[in-house]
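There are 2 protein chains.
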Amino acid sequence: MSLNVDIWSDVVCPWCYVGKRRFEAALARFPHREQVELTWRSYELDPTAERTDAPAGAHVERLAAKYGRTVPEAQRMLDEMTANAAAEGLEFRFDLARPGNTFDAHRLLHLAKDSGRQDALKERLDRATFTEGLASGDHVALRAIAVEVGLPAVEVDDVLASDRYADAVRADEAQARAYGISGVPFFVLGGRFGVSGAQPADALLAALEQAWTEQPLQTVGAGPSCDGDTCEV
Amino acid sequence: MSLNVDIWSDVVCPWCYVGKRRFEAALARFPHREQVELTWRSYELDPTAERTDAPAGAHVERLAAKYGRTVPEAQRMLDEMTANAAAEGLEFRFDLARPGNTFDAHRLLHLAKDSGRQDALKERLDRATFTEGLASGDHVALRAIAVEVGLPAVEVDDVLASDRYADAVRADEAQARAYGISGVPFFVLGGRFGVSGAQPADALLAALEQAWTEQPLQTVGAGPSCDGDTCEV
Chain P
84 MSLNVDIWSD VVCPWCYVGK RRFEAALARF PHREQVELTW RSYELDPTAE
134 RTDAPAGAHV ERLAAKYGRT VPEAQRMLDE MTANAAAEGL EFRFDLARPG
184 NTFDAHRLLH LAKDSGRQDA LKERLDRATF TEGLASGDHV ALRAIAVEVG
234 LPAVEVDDVL ASDRYADAVR ADEAQARAYG ISGVPFFVLG GRFGVSGAQP
284 ADALLAALEQ AWTEQPLQTV GAGPSCDGDT CEV
Chain C
84 MSLNVDIWSD VVCPWCYVGK RRFEAALARF PHREQVELTW RSYELDPTAE
134 RTDAPAGAHV ERLAAKYGRT VPEAQRMLDE MTANAAAEGL EFRFDLARPG
184 NTFDAHRLLH LAKDSGRQDA LKERLDRATF TEGLASGDHV ALRAIAVEVG
234 LPAVEVDDVL ASDRYADAVR ADEAQARAYG ISGVPFFVLG GRFGVSGAQP
284 ADALLAALEQ AWTEQPLQTV GAGPSCDGDT CEV
């Protein structure tokens, strides 16, 4: 028996990174963690963001302008988020943060999925964004990060130079719309149970337990069949 | 929105081939058929079957011996099955049938899955078994069939000469055990609804409709998240 866990997330989403840590904490306590098949699903908070980034250091001003707040208000929001992250052991450096388009980062996450390195790349991208000031659309930085987690450079270059996995990103986003997902992180457990947002580890663990327990099939009908003792050729 | 349909089946299972036709009839009437993602899952009715086959022509005698029936009784079973198949437009030629181990056929079905040719190969294998007297373990015949449906010969040869996809076959069978599946065909709709056996198309269509309708997520909790208007970096 396995349990699919699909997490819709962006790489510029602070609650997603906090939620990743909370999910990891829940998973560490989940008795069937070896049977969990985790997939990171693409979700762009701002598909219209420019790929080319602004310089670091003006994030609080950009945030204030974007959301119509004063700079001190925006700084309080960032301080609160930084504290939430610190409680999960994460060091958020919004003073270094830069905006950027995340579409290509998501395409690389799909490449990484094929070779089992998706979670490693997701972690590395989140850390780069929130601790190291990555501009998400920066191909030079993305390439270095992808190669660092073990993706073949030739494959990474090919993805960045083409539109490979664009369909996969859009398919994830279409699935999110079909599910009615309007914010991230969003956890789908067993294709059936939805958890919206970065809930505490206890709540995520309870959801994992529920999805596991209620996983057995609901039989909706029976007809003629063959078993080991009848009717094979 | 998509709907996964996983069908556990063997290639020497007459009800599986009949069930395939009934499922196809149901699918043709299912309004969301373009969103159905069909996967054939491996199930061996007799994992201990010898790969090397008996000559054709003695199937009814083998069947009678295997199930402790008289030859006329076994013939009646075959005639009834042949009539069931004919009602679905299938020509069963049990007079040509030969036994064989199906493990390698299942490995090829996993290879075919990777290139979108799984359903074509499944259909061709079933027809070979039930209409043309294929011995399921015959590598020469399997190779010809696999190449005929468009699999690259070099890949087919590599699979047949190795144990590639053995783990995938065993994983399908482990999943079947976890679901409590003891006979095939067995349909799993949306990872959630189980249909045992070759039910009529009407019943399969009703199951598809139910799985589609009840697919939306059950939300089991909400926590802090980011949407397009808040909190991204």
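Residue numbers (the working numbering), protein chains in the order written: chain P, 84 to 316; chain C, 84 to 316.
From the three backbone atoms N, C-alpha and C, an ideal C-beta is built for every residue, glycine too.
Contact set for residue i: own chain, Cβ-Cβ below 8 Å, skip 5 residues either direction
i        : result
Asp285/C : Ala109
His222/P : Asp187, Leu243
Asp241/P : Arg247
Pro138/C : Arg181
Arg116/P : Leu110
Nearest-angstrom Cβ-Cβ length linking residue i and residue j, presumed shorter than 8 Å
i        : j        : result
Val278/P : Ala290/P : 5 Å
Phe276/P : Ala294/P : 5 Å
Cys322/P : Pro268/P : The displayed coordinates of chain P run from 84 to 316. Any statement about residue 322/P would go beyond what the structure contains.
Gly220/C : Arg134/C : 3 Å
Gly274/P : Gly304/C : Incorrect: roughly 17 Å between the Cβ atoms, too far for contact.
Leu234/C : Arg200/C : 6 Å
Ala203/P : Ala211/P : With 8 Å as the limit, Ala203/P and Ala211/P do not qualify as a contact, their Cβ atoms being about 12 Å apart.
Phe177/C : His142/C : 5 Å
Asn87/C  : Ala132/C : About 30 Å separates the two Cβ atoms, so there is no contact after all.
Val239/P : Arg226/P : 5 Å
Gly306/P : Gly280/C : 3 Å
Coil, strand or helix - residue i by DSSP
i        : result
Gly274/C : coil
Leu173/P : coil
Val303/P : strand
Asp221/C : coil
Thr122/C : strand
Cys99/P  : helix
Phe186/P : helix
Asp89/P  : strand
Val154/P : helix
Val232/P : coil
Phe269/P : strand
Contact set for residue i: own chain, Cβ-Cβ below 7 Å, skip 5 residues either direction
i        : result
Thr153/P : Ala147
Gln118/C : Met84, Ser85, Leu86
Thr165/P : Phe175, Phe177
Sub-8 Å separation of residue i and residue j beta-carbons
i        : j        : result
Glu171/P : Arg104/P : yes
Gly216/P : Ala180/P : yes
Glu120/C : Ser85/C  : yes
Lys205/C : Thr122/C : no
Cys309/C : Cys96/P  : yes
Tyr248/C : Leu194/C : yes
Phe113/P : Leu173/P : no
Sequence-distant residues of the same chain with beta carbon closer than 6 Å to residue i, five excluded per side
i        : result
Leu208/P : Val94, Ala188
Asp255/C : Arg124, Ser125
Phe106/P : Leu287
Ile264/P : Trp91
Val101/C : Asn167, Ala168, Glu171, Ala281
Ala229/P : Leu191, Val239
Val232/C : Arg200, Ala203, Leu204, Arg207
Met160/C : none
Ala157/C : Val143, Leu146, Ala147
Asp89/P  : Thr122, Arg124, Val271
Contacts of residue i in chain A (Cβ-Cβ under 9 Å)
i        : result
Asp310/P : Included in the structure are the protein chains P and C, with no chain A among them.
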